[in-house]
Amino acid sequence: MADGKIPIIGQIAEVNRELALRRNVFPIRVRDKKMKQAEADLCMRRMEAVLATLMFCQAQEAEIRAFIAAKSEKSGGGGE
Numbered sequence: 017m018a019d020g021k022i023p024i025i026g027q028i029a030e031v032n033r034e035l036a037l038r039r040n041v042f043p044i045r046v047r048d049k050k051m052k053q054a055e056a057d058l059c060m061r062r063m064e065a066v067l068a069t070l071m072f073c074q075a076q077e078a079e080i081r082a083f084i085a086a087k088s089e090k091s092g093g094g095g096e
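According to my numbering, the residues represented by the sequence shown are 17 to 96, in order.
In structure tokens form, the structure reads like this:
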């Protein structure tokens, strides 16, 4: 699957895994002064935003696909 598309559910799972890892690692890095708390907070907020975007896309997948298909039909496109 290295060359294939990654399903959105897999992307969401990976972001959740990364967030869990960061929740464990960042406090240690901050404690050891290898990372500032503000940086850790910003990195977490960014990854949480990625998760929110993916979850929105997953929830709206049918509508997004319909919009793309309609736009493709209007422009005379024949698919992906």
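Every residue, glycine too, gets a C-beta built ideally from N, C-alpha and C.
- Between the beta-carbon of residue 41 and that of residue 70 there is about 21 Å, and that puts the pair past the 8 Å contact cut.
- CA-CA distance, residue 92 to residue 63, rounds to 37 Å.
- DSSP, reduced to helix, strand and coil, places residue 19 outside both helices and strands of the structure shown, so it counts as coil.
- With contacts defined as CB atoms closer than 8 Å, residue 80 and residue 73 qualify as a contacting pair.
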